[in-house]
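Each protein sequence line maps, in turn, to chains U and Z.
For the first sequence, my numbering gives the first residue as 16, with consecutive numbering after it.
For the second sequence, my numbering gives the first residue as 16, with consecutive numbering after it.
All residues carry an ideal CB built from backbone N, CA and C; glycine is no exception.
Heads up, the thing below is written out as structure tokens.
There are 2 protein chains.
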Amino acid sequence: MPRAKSENRSDLVDSALVAFWKGGYCATSMGDLVKQTGVSRSGIYADFGGKDDLFRACLERYRDETVTQAFGVVEQDGAGFEALEQYFKTIITTSAAVEGADIGCLIANSLGQVSPDDRKTLALLDAHAARLTAGFKAVLRLENQAKGKLTETEIDALASFAMISVQGLWGYMRNKAEPEIIRQHADTLMEMLRSRVG
Amino acid sequence: MPRAKSENRSDLVDSALVAFWKGGYCATSMGDLVKQTGVSRSGIYADFGGKDDLFRACLERYRDETVTQAFGVVEQDGAGFEALEQYFKTIITTSAAVEGADIGCLIANSLGQVSPDDRKTLALLDAHAARLTAGFKAVLRLENQAKGKLTETEIDALASFAMISVQGLWGYMRNKAEPEIIRQHADTLMEMLRSRVG
DNA sequence: TTTTTAGCGGAACGATCGTTCTGAAAAGCT
DNA sequence: AGCTTTTCAGAACGATCGTTCCGCTAAAAA
Chain U
16 MPRAKSENRS DLVDSALVAF WKGGYCATSM GDLVKQTGVS RSGIYADFGG
66 KDDLFRACLE RYRDETVTQA FGVVEQDGAG FEALEQYFKT IITTSAAVEG
116 ADIGCLIANS LGQVSPDDRK TLALLDAHAA RLTAGFKAVL RLENQAKGKL
166 TETEIDALAS FAMISVQGLW GYMRNKAEPE IIRQHADTLM EMLRSRVG
Chain Z
16 MPRAKSENRS DLVDSALVAF WKGGYCATSM GDLVKQTGVS RSGIYADFGG
66 KDDLFRACLE RYRDETVTQA FGVVEQDGAG FEALEQYFKT IITTSAAVEG
116 ADIGCLIANS LGQVSPDDRK TLALLDAHAA RLTAGFKAVL RLENQAKGKL
166 TETEIDALAS FAMISVQGLW GYMRNKAEPE IIRQHADTLM EMLRSRVG
């Protein structure tokens, strides 16, 4: 048989992910990807269908790794407000850690870039939004158990609100690296949610 | 003198604006713009420096026309919560009016597309964010006069929060045309602001 | 060791990108 | 009308895009 298949397919996606994350889909050319990943064009086309599919693979990897790392705590059983707070703390910490570059969230960044015709990618973005909403909803439902002030409908509304608000935060972070604003936003949102459940 | 200069320079920007709005900066080629605007390449290059400058001109036009039309009510002297509510009502109405296409806000869409190096365009986006924040701040300060519950710092934080939250809403609207969610988000934000001032 | 064969680097492809250039047409001026 | 000046449509340009293809390499099979 042939030469052993490179074991850096995983690295390939990771490298490409960073390139897309920083530069966006359009601005990142295949040449850039070749340079950045160290894998030749044919290698990329062999393992992925093309630029589109590689981009989607990056979105999925980002979803499974980066998002899960930060948001996973909210998705655990029994996660409450303190889990939400930890999520925001993670955001602030890691965003401050990545030196210089404010790149926001790959998925949030993609919102404005994806063509309305690209169903496959749009589905990924939608699913991400639904995921965040579901996480917030679970937290709210749990925290609401004590006093039961909120109806299910109100919980839905608050979860959607939190999701959109957080997506907005990511969009903001893409171009501004002000941890103060991020913390402020998170605090304001948390305080608002707390006051609503009682 | 020469052939009469087309009187549709204004239309040119308007047409290009729509193209950029729907498709984004990268996905909209000069060929598309020529087709869409009816103006030839040389005409575009004569009146604007190139694609970048045309795009910025579109952003500015969008800012002066579309944004002002919707947000201007908030920026008037003495604007209070009812002005904010009218802003949201306008958003919902017009977003429902534009048939089929959910295109969100041109400026919000650009957030994820602009290269971190493109200082000129980034400055426009920053200025827009500052504009929204200033509007919210003025409203909050006015509404806070009655009871004076909030400190200036708290008002700043709430204004930033509202701005980011609304930018998130626009990002969401780009891909989903659910007036219900929009209304819900607006209601939740309004209610939250009201409860904070007293 | 020889043969086979999968894998990958890099050249090459057509298409399309943003931009420039040019020739002809139209409008002002005398 | 004749001449000048300005404008614009469309051809043409080099660069670069995403993609394909070829040929060598090196590991597996014999």
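Assigned secondary structure, residue i (DSSP; H/G/I helix, E/B strand, else coil)
{"i": "C41/Z", "result": "coil"}
{"i": "E193/U", "result": "coil"}
{"i": "D141/U", "result": "helix"}
{"i": "D47/U", "result": "helix"}
{"i": "M16/Z", "result": "Below a pLDDT of 50, predicted positions are generally treated as unreliable, and M16/Z, at 49, falls in that range; the measurement from the model is reported next regardless. Coil, per DSSP."}
{"i": "T166/Z", "result": "coil"}
{"i": "L126/Z", "result": "coil"}
{"i": "A85/U", "result": "helix"}
{"i": "Q101/Z", "result": "helix"}
{"i": "F63/U", "result": "coil"}
{"i": "V54/Z", "result": "coil"}
{"i": "I106/Z", "result": "helix"}
{"i": "I179/U", "result": "helix"}
{"i": "Q199/Z", "result": "helix"}
{"i": "G95/U", "result": "coil"}
{"i": "G186/U", "result": "helix"}
{"i": "D68/U", "result": "helix"}
{"i": "C120/Z", "result": "coil"}
{"i": "G213/U", "result": "coil"}
{"i": "D26/U", "result": "helix"}
{"i": "D3/Z", "result": "In the structure as shown, chain Z begins at 16 and stops at 213. Residue 3/Z is therefore absent and cannot be evaluated."}
{"i": "A112/U", "result": "helix"}
{"i": "A149/Z", "result": "helix"}
{"i": "D171/Z", "result": "helix"}
{"i": "A31/U", "result": "helix"}
Nearest-angstrom beta carbon gap, residue j and residue i [assumed within contact, 8 Å]
{"i": "R156/U", "j": "I170/U", "result": "6 Å"}
{"i": "A34/Z", "j": "Q51/Z", "result": "5 Å"}
{"i": "M205/U", "j": "L69/U", "result": "M205/U to L69/U, Cβ: 37 Å. No contact."}
{"i": "I122/U", "j": "L74/U", "result": "6 Å"}
C-beta atoms of residue i and residue j nearer than 7 Å
{"i": "G13/U", "j": "K164/U", "result": "Residue 13/U is absent from the structure shown; chain U starts at 16 and stops at 213."}
{"i": "A85/Z", "j": "T108/Z", "result": "no"}
{"i": "W126/U", "j": "G39/Z", "result": "Contrary to the premise, residue 126/U reads as Leu rather than Trp in this sequence. No. Outside cutoff."}
{"i": "E158/Z", "j": "G95/Z", "result": "yes"}
{"i": "Y77/Z", "j": "L32/Z", "result": "yes"}
{"i": "S180/U", "j": "S180/Z", "result": "yes"}
{"i": "A111/U", "j": "S130/Z", "result": "no"}
{"i": "Q182/U", "j": "Q128/Z", "result": "no"}
{"i": "F223/Z", "j": "A192/Z", "result": "Because chain Z is modelled from 16 through 213, residue 223/Z falls outside the range shown and cannot be assessed."}
{"i": "V54/Z", "j": "L27/Z", "result": "yes"}
{"i": "M207/U", "j": "M45/Z", "result": "no"}
Q | Touching by the beta-carbon criterion (3+ pairs, under 8 Å), the region 146-165 of chain Z and the region 80-90 of chain Z | A | yes
* To do: Closer than 9 Å, Cβ to Cβ, to anything on chain U: give me those residues from the region 143-166 of chain Z, in chain order.
  => A144
Practice task
Would you be able to state if there are at least three C-beta pairs under 8 Å between the region 125-136 of chain U and the region 130-146 of chain Z?
Solution key: no
Practice item. Check whether the region 170-187 of chain Z touches the region 192-205 of chain U, taking contact to mean three or more Cβ pairs, one atom from each stretch, closer than 8 Å. Key: yes
Residues from the region 178-193 of chain Z in contact with chain U, defined by Cβ distance under 9 Å | M178, I179, S180, V181, Q182, G183, L184, W185, G186, Y187, R189, N190, K191
Checklist entry - Going along the chain, which residues of the region 127-140 of chain U sit with their C-beta nearer than 8 Å to a C-beta in chain Z? => result G127, Q128, V129, S130, P131, L137, L140
Exercise. In the region 22-45 of chain Z, which residues sit with their C-beta less than 8 Å from some C-beta in chain U, listed in chain order?
Worked result: K37, G38, G39, Y40, C41, A42
Point to revise | Within 7 Å of chain U by C-beta, residues of the region 66-90 of chain Z in sequence order | key: none
Quiz item: In chain order, what residues of the region 194-209 of chain U put their CB closer than 8 Å to some CB of chain Z?
Solution: I196, Q199, H200, D202, T203, L204, M207
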